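Enquirer: Letter by letter, the sequence shown follows residues 1 to 280 of the UniProt record's numbering. Yeah, the Cβ is synthetic: ideal placement off N, Cα and C, and Gly gets one too. The model shown is predicted, which means the values in this text are computed figures rather than measured ones. First the structure, which I've put down as structure tokens, then a few questions once you've had a look.
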Amino acid sequence: MKKYIFLLLTVFMFNIKAESQSLKLMTYNIRYDNPNDVENQWSQRKEFLSNQIGFYEVDIFGIQEGLHHQVAYLDSVFVNYNYIGVGRDDGKTKGEYSTIFYNSKKFKVIESSTFWLSETPNKISVGWDASMERICTYGLFQHNVTKQQFYVFNTHFDHIGTEARLKSAELILEKIEELNQKKLPVILTGDFNLIPETEPIQTISKILNDSEKISKVTPFGPKGTFNGFKFNQPVTDRIDYIFTSKNNISVKKYAVLSDSKNCKFPSDHLPVFVEVLIKK
Numbered sequence: 001m002k003k004y005i006f007l008l009l010t011v012f013m014f015n016i017k018a019e020s021q022s023l024k025l026m027t028y029n030i031r032y033d034n035p036n037d038v039e040n041q042w043s044q045r046k047e048f049l050s051n052q053i054g055f056y057e058v059d060i061f062g063i064q065e066g067l068h069h070q071v072a073y074l075d076s077v078f079v080n081y082n083y084i085g086v087g088r089d090d091g092k093t094k095g096e097y098s099t100i101f102y103n104s105k106k107f108k109v110i111e112s113s114t115f116w117l118s119e120t121p122n123k124i125s126v127g128w129d130a131s132m133e134r135i136c137t138y139g140l141f142q143h144n145v146t147k148q149q150f151y152v153f154n155t156h157f158d159h160i161g162t163e164a165r166l167k168s169a170e171l172i173l174e175k176i177e178e179l180n181q182k183k184l185p186v187i188l189t190g191d192f193n194l195i196p197e198t199e200p201i202q203t204i205s206k207i208l209n210d211s212e213k214i215s216k217v218t219p220f221g222p223k224g225t226f227n228g229f230k231f232n233q234p235v236t237d238r239i240d241y242i243f244t245s246k247n248n249i250s251v252k253k254y255a256v257l258s259d260s261k262n263c264k265f266p267s268d269h270l271p272v273f274v275e276v277l278i279k280k
């Protein structure tokens, strides 16, 4: 009888696993390499930052503000990962990236591209009232074993242009609808330079879930994500997000990670970490 029950439980658990795919993700504004940051320069924090990402064993992580040499450094550290993305200034290697790193032992990229947050998204351009070029990089990923497919979009909104932030939100939602004809699971990560109550975030939240709001486990860590390298002050401004499609992704855990070393943060933003379940 015990053997029979064990077999039933085994079959039950197998069916649950077959119907869903667990995924760990992170979004992280790593702060561009600015020589004026003095003790917070990239050279002083890159090792701890990469160790932090590695410790959480994420499957996929999106970064913002990475310059080419910063992306190259992370690429050299994470040997089992590949990345997609280009520099926003020339569509190649110049300017900040919105890179998506992924564990290549688990996933492969079916298609990927980068578009500009502007009226002409297929051209290198500054949109609306933005202060500079802004981009969104996306990839269609497939799990090597289960063959489950899903989209990941990673972006960095302008910090000045009010119209640009709203139009950028609308553009990304339009792109998701245009690309995702099969209604596959979608994850949107990034630094949106906006608090939750603002119109662009509310616009996105009508179509996608804010992962913090639907986490099955109580969200862990500070409420805010922007620390400005100010270690001794509360982190209250929440401007970094991970959004998920509403009908086929559930969020198991959500956390804002405030790890530090010698009373210093590894970036002026805290990374957001989630563990999600993608439903088949």
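1. Using 8 Å as the Cβ pair cut-off and three pairs as the minimum, do the region 259 to 279 and the region 81 to 91 touch?
2. What three-state label does DSSP hand Val38 in the structure shown?
3. Check whether the region 213 to 231 and the region 167 to 179 touch, using three or more Cβ-Cβ pairs below 8 Å as the test.
4. CB-CB under 6 Å to Ser125, same chain, minus the five flanking residues each way: which ones, in chain order?
5. Give the secondary structure of Asp240 by DSSP, where H, G and I count as helix, E and B as strand, and everything else as coil.
6. Only counting runs of 3 or more residues, tell me where the beta strand (DSSP E) segments fall wholly within the region 90 to 177, in order along the chain.
7. Taking 7 Å as the threshold (C-beta atoms), are Phe153 and Leu188 in contact?
8. Evaluate Val38 with the Cβ neighbour count: other Cβ atoms within 10 Å of its Cβ, from every protein chain shown; 16 or more gives buried, anything less gives exposed.
9. When burial is assigned at 16 or more other CB atoms within 10 Å of the CB, is His156 buried or exposed?
10. Which class does Gly54 belong to by DSSP, given the choice of helix, strand or coil?
11. Could you tell me the distance, in whole angstroms, from the CA atom of Phe78 to the CA atom of Glu57?
12. Is the distance from the Cβ of Arg238 to the Cβ of Lys223 below 7 Å?
13. I'd like to check one pair, Val272 with Val251: are the Cβ atoms closer than 7 Å?
14. Starting from Lys206 and walking both ways along the alpha helix (DSSP H), at which residues does that stretch end?
15. Taking just the CA atoms, how far does His143 sit from Leu8?
16. Do Arg88 and Ile135 have their C-beta atoms within less than 7 Å of each other?
17. Which same chain residues end up closer than 6 Å to Asn29 when comparing Cβ atoms and leaving out the 5 residues on each side of it in sequence?
18. Which residue comes first and which comes last in the beta strand (DSSP E) that contains Leu277?
19. Can you check DSSP and say which residues form a bridge with Asp210?
20. What does the alpha-carbon distance come out to for the pair Ser20 and Thr146?
21. DSSP on residue 281, reduced to helix/strand/coil?
22. Below 8 Å CB to CB, which residues in the same chain sit around Phe12 once its five sequence neighbours on both sides are set aside?
23. Decide if Met1 is buried, meaning its Cβ has at least 16 other Cβ atoms within 10 Å, or exposed.
24. Using the Cα positions of Tyr151 and Phe229, report the straight-line distance between them to the nearest angstrom.
25. What are the boundary residues of the beta strand (DSSP E) that Leu23 is part of?
26. Among Gly54, Tyr138 and Asp129, which has the Cα closest to the Cα of Leu166?
27. Taking Ser104 as the reference, which of Leu257, Phe61 and Glu199 has the closest Cα?
28. Taking Ser50 as the reference, give the member of Pro35, His68 and Ser76 with the closest Cα.
Expert: The structure says:
1. no
2. helix
3. no
4. Trp116 and Ser118
5. strand
6. 100 to 103, 107 to 116, 135 to 143 and 149 to 156
7. yes
8. exposed
9. buried
10. helix
11. 11 Å
12. yes
13. no
14. Glu199 to Ile207
15. Note that Leu8 scores a pLDDT of 42, beneath 50, so its modelled location is shaky; the value from the coordinates is reported in the next line. Each residue's Cα considered, the two are about 27 Å apart.
16. yes
17. Gln64, Glu65, Asp191 and His269
18. Val272 to Lys279
19. Phe243
20. 9 Å
21. This structure leaves residue 281 out entirely; the chain is present only between 1 and 280.
22. Because the pLDDT of Phe12 is 40, which lies under 50, any placement of that residue in the model is unreliable, and the number read from its coordinates should be weighed accordingly. Excluding residues within five positions, none has a Cβ falling inside 8 Å.
23. For Met1, the pLDDT reaches just 48, beneath the cut-off of 50, and the residue's location in the model is therefore unreliable, although a value from the coordinates is still provided. Exposed: under 16 other Cβ atoms inside 10 Å.
24. 32 Å
25. Ser20 to Asn29
26. Asp129
27. Phe61
28. Ser76
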